[in-house]
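Protein chains: 2
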Amino acid sequence: MRYPGLHGDPPSIASEAASGAAALDGYVVEDQVGFLLRRANQRHTAIFQDGMAGADLTPTQFTALIKVSEIGRVTQNHLGRLTAMDPATIQGVVRRLIDRELVSRTTDPLDRRTVVLAPTQAGLALAADAVVAARRITDATLDPLTQQEQHQLVALLRKIS
Amino acid sequence: MRYPGLHGDPPSIASEAASGAAALDGYVVEDQVGFLLRRANQRHTAIFQDGMAGADLTPTQFTALIKVSEIGRVTQNHLGRLTAMDPATIQGVVRRLIDRELVSRTTDPLDRRTVVLAPTQAGLALAADAVVAARRITDATLDPLTQQEQHQLVALLRKIS
DNA sequence: CCACGATCATTTGCCTACCAATGATCCGGC
DNA sequence: GCCGGATCATTGGTAGGCAAATGATCGTGG
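Laid out in structure tokens, this is it:
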């Protein structure tokens with residue numbers, strides 16, 4: 257649940273004059289959307305890890321497992337596109353799911369380039385459990401916001417994704 | 257500028273019935289805040305990499321360099337707290353900045369545990385350039401939103417960070 | 001039929017990101 | 001003075017995340 261916060265130490269006394277960096281005029285890095293996205297993501301990941309301890313899935317593993325469970329049969333690269341992971345990334349995620357026998361891997365005789373993935377029975381069962389935890393994780397992540405703000409945030413994030 | 261989008265392929269025809277995963281009732285992983293945060297972060301990182309090609313800084317390297325430039329002298333762990341990076345992470349980020357001689361590293365004789373960091377002249381100069389690029393990056397990231405929405409998003413992200 | 005471009009998957013390299021463990025040092029209390 | 005808890009930094013392990021290169025295969029156009 258912990259994540260590297262901004263709550264540690266009192267601000268340093270040093271000033272622009274001391275550092276000679278007068279050219280940074282009014283640019284506050286902590287207020288930039290990129291910084292805030294990184295921080296929000298860190299907090300969510302920490303909440304996720306906590307809430308998903310039972311299923312022992314990372315956010316990407318969870319996303320891939322859910323998608324495979326929805327779809328049934330899918331090639332690896334296609335699954336990557338559906339879950340916003342490039343081929344190099346999805347490869348490792350899928351490998352770990354296969355190692356745990358949550359996903360099966362077969363080859364398509366009609367297209368020998370592809371790896372065809374499908375959920376196992378254990379994968380489907382775990383996916384069902386994981387969704388329950390995931391609902392709580394989403395709630396916890398959005399807890400600081402009102403209902404209206406929660407919908408706003410999701411809508412805004414969709415627009416910039 | 258490219259990032260693994262959701263635009264590649266048409267949706268698969270397979271249904272819940274085909275996969276046997278009826279328990280995922282109405283849970284749409286693409287609409288969850290965690291998924292959207294990851295995606296938004298990916299897009300921003302891609303924009304950042306593009307816009308910061310001249311300075312050749314990653315988002316974390318940029319944040320650390322800006323903070324060191326603002327403050328002047330700071331210990332490594334403290335810099336990590338200010339920039340939301342844990343000690344293991346800030347260590348690598350700082351090492352790369354030192355390798356490029358953007359940041360200097362000295363020891364405090366009064367506290368021999370600590371590493372005292374400070375910007376070099378080259379570091380201050382690069383920070384000034386990088387801020388110019390960073391303003392454009394923020395604008396590009398928020399471009400799909402109206403002015404009001406931009407402020408809303410930043411405010412909401414602050415609340416959940 | 002074959003050559004060429006596109007797609008699929010993998011591998012390597014680099015960078016974040018965290019946990020856990022370690023060793024050095026500091027500091028407060030006794 | 002010293003002992004124990006806290007802090008500082010580093011290391012090793014695991015996991016995203018992307019670029020770039022590679023090799024296999026597919027499909028189409030000539």
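Protein sequence lines, in the order shown, are assigned to chains U and L. Take 257 as the starting number for the first sequence in the numbering used here and just add one per residue. Take 257 as the starting number for the second sequence in the numbering used here and just add one per residue. Glycine residues also receive a C-beta, built at the ideal position from the N, C-alpha and C atoms. Note that the structure is a prediction, hence the values are computed from the model and not measured.
- If you draw a 10 Å sphere on the C-beta of THR397 (chain U), you find 16 or more other C-beta atoms in it, and that means buried.
- Contacts between GLN288 (chain U) and chain L, judged by CB atoms closer than 8 Å, involve ALA390 and THR394 in chain order.
- According to DSSP, residue pairing for ASP367 (chain L) in a beta bridge involves L:ASP364.
- In the DSSP assignment, PRO343 (chain U) falls within the alpha helix (DSSP H) that extends over 343-355.
- Rounded to whole angstroms, the Cβ separation of ALA386 (chain U) and LEU321 (chain U) is 7 Å, and the two are in contact under 8 Å.
- Here THR319 (chain L) is near THR339 (chain L), since their CB atoms are less than 7 Å apart.
- Under the three-state reduction of DSSP, VAL387 (chain U) is assigned to helix.
- Within chain U, the residues LEU292, ARG295, ALA296 and ARG299 have their CB atoms less than 7 Å from the CB of SER417 (chain L), given in chain order.
- Rounded to whole angstroms, THR376 (chain U) and ALA302 (chain U) show a C-alpha spacing of 28 Å.
- By the criterion of at least three beta-carbon pairs nearer than 8 Å, the stretch 281-301 of chain U is in contact with the stretch 279-297 of chain L.
- Only residues of its own chain outside the window of five on either side were considered, and among them VAL324 and LEU373 have a CB closer than 7 Å to the CB of VAL330 (chain L), listed in chain order.
- The beta-carbon distance between ALA389 (chain U) and GLY310 (chain U), rounded to whole angstroms, is 7 Å. This is short enough to meet the 8 Å contact definition.
- Closest in C-alpha terms to LEU313 (chain U), from the list U:HIS334, U:ARG414 and U:ARG352, comes U:ARG352.
- THR339 (chain U) carries a coil assignment under DSSP once its states are collapsed to helix, strand and coil.
- Residue range 289-307 is occupied by the alpha helix (DSSP H) that includes THR301 (chain L).
- A direct Cα-Cα distance of roughly 16 Å separates GLU357 (chain L) from GLN332 (chain L).
- Pairing SER360 (chain L) with VAL349 (chain L), the inter-Cα distance amounts to about 13 Å.
- Listed in chain order, the positions of the stretch 350-383 of chain U with a beta carbon within less than 7 Å of a beta carbon of chain L are PRO375, LEU380 and ALA383.
- Look at ALA374 (chain U) here: in three-state DSSP terms it is strand.
- Judged by DSSP secondary structure, THR319 (chain U) falls within the alpha helix (DSSP H) whose first and last residues are 315-327.
- As a beta-bridge residue in DSSP terms, THR331 (chain U) pairs with U:VAL372.
- Ranked by Cα distance from GLN305 (chain L), the first of L:GLU286, L:ARG392 and L:GLN406 is L:ARG392.
- Look at ALA340 (chain L): its C-beta is under 7 Å from a C-beta on chain U.
- As far as DSSP is concerned, VAL285 (chain U) takes part in no beta bridge.
- Interface residue (Cβ-Cβ distance to chain U less than 7 Å): LEU412 (chain L) is classified as such.
- Shortest Cα-Cα distance from GLU326 (chain U) to any of U:GLY290, U:GLN347, U:ALA384 and U:LEU280 involves U:ALA384.
- A distance below 8 Å between beta-carbons, with the five flanking residues on each side excluded, links ASP355 (chain L) to no residue of its chain.
- With a threshold of 7 Å between beta carbons, LEU401 (chain L) makes contact with chain U.
- Listed along chain U are GLN408 and LEU412, each with a C-beta nearer than 8 Å to that of GLN408 (chain L).
- For the 7 Å CB-CB criterion, THR394 (chain L) and VAL289 (chain U) form a contact.
- Under a criterion of Cβ atoms nearer than 8 Å, the residues of chain L adjacent to THR319 (chain U) are, in order, VAL285 and PHE291.
- From the listed residues L:ASP399, L:MET341 and L:GLY379, the smallest Cα separation to GLY328 (chain L) is found for L:GLY379.
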